[in-house]
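Residue numbers (the UniProt record's numbering): 1 to 367.
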């Protein structure tokens, strides 16, 4: 058998025992390629007959643990670590396992190593620390994991950037006076403005107060329209979603270990920010920076996460908004704001249509 056939046999778990001691042209052993190709059964056999789990091989004299990391084979990594593999080894390329995770942008591998007491102060051949290298590579997910590990900025909700709010009030007072509709358009188009500030919430609040106050001034019977609108808004604003507590590194190790007992570790079932298992219905909100049970979406206009249980409430709120705005437009109550009202009607109608379409599609899918 040539080397390619041997590799194929490792992948297919059909390698004859006489090839167990074979060494590839680059010095890598069968153990290295078993780790690379995620053949845990073969690794267990080789370990059982005395193979060195820290044997060096390949271009950079790497251990099997490196080879498992190259393909994100976390179950193999866990087995090797539990059985004494050196997690602090630096290969001849000058990279540790942590630096390799950063280079490959392997966030889950990085967290797995952290959970198994890897040396966090280790440096590469250029004397770069793990945090420094992650910053240079702009590995956002790994930086988040490092902040969690060192317990920096450990808050349920990230601080909003106040500079955008200051800009909002300056522009409003100088240019727009009573019309902030332009900022509403800009906020929709610029993602950072929507999610890094509360500007959409304040614009929503502005129009709510403006329309409500002027409606009541014209005719107090309009309160009949405003009561359901304000009530639904109140429920959505003050009904807190069910947040899940973030875990520490010790609990994280236990969760990862339990996951790897039955399946592979993926971002779909493990939150790299909160370090929890994402069971059915659990999703991470990147705006609130926490996992939420039955999370549907984050609404920037309410600055709240909408859960699946609140779907009907949210859709009723949109419908009431639509009716109220249509009433304002059709009766020409605010002629100065007709363009804004038309746009907001189209905007809300579009959102409501998408949600109804999604609901219908999900129902047919379930059937």
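Quick reminder that beta carbons are idealized off the backbone N, C-alpha and C, glycines included.
None of the values given here were measured: they were computed from a predicted structure.
In this structure, the alpha-carbon of residue 108 lies about 20 Å from that of residue 84. Of all alpha-carbon atoms in 38, 313 and 56, the one lying nearest the alpha-carbon of residue 75 is that of 38. Burial of residue 340 is indicated by the presence of at least 16 other C-beta atoms within 10 angstroms of its C-beta.
For residue 75, no beta strand (DSSP E) segment is defined; the enclosing uninterrupted segment is the alpha helix (DSSP H) at 74-82.
With distances taken between CA atoms, residue 329 lies nearest to 338 out of 355, 338 and 321. According to the DSSP assignment, residue 253 belongs to the alpha helix (DSSP H) that extends over 249-262. Collapsing the DSSP output to three states places residue 234 in a helix. Looking at the DSSP output, residue 277 bridges to 270. According to the DSSP assignment, residue 323 belongs to no beta strand (DSSP E) but to the alpha helix (DSSP H) extending over 311-330. Where residue 307 is concerned, the enclosing beta strand (DSSP E) starts and stops at 304-307.
The Cβ atoms of residue 53 and residue 34 lie no closer than 8 Å to each other. Contact check for residue 66 and residue 91: beta-carbon distance about 6 Å, within the 8 Å limit, so the pair qualifies. Contact fails between the segment 316-326 and the segment 250-263, because fewer than three Cβ pairs, one in each stretch, are under 8 Å apart. Under the three-state reduction of DSSP output, residue 135 falls in the helix class. The beta-carbon distance between residue 97 and residue 118, rounded to whole angstroms, is 7 Å. This is short enough to meet the 8 Å contact definition. When DSSP states are grouped into helix, strand and coil, residue 144 belongs to the helix group.
About 13 Å separates the beta carbons of residue 134 and residue 122, which is beyond the 8 Å limit, so they are not a contact pair. For residue 56, the three-state secondary structure derived from DSSP is coil.
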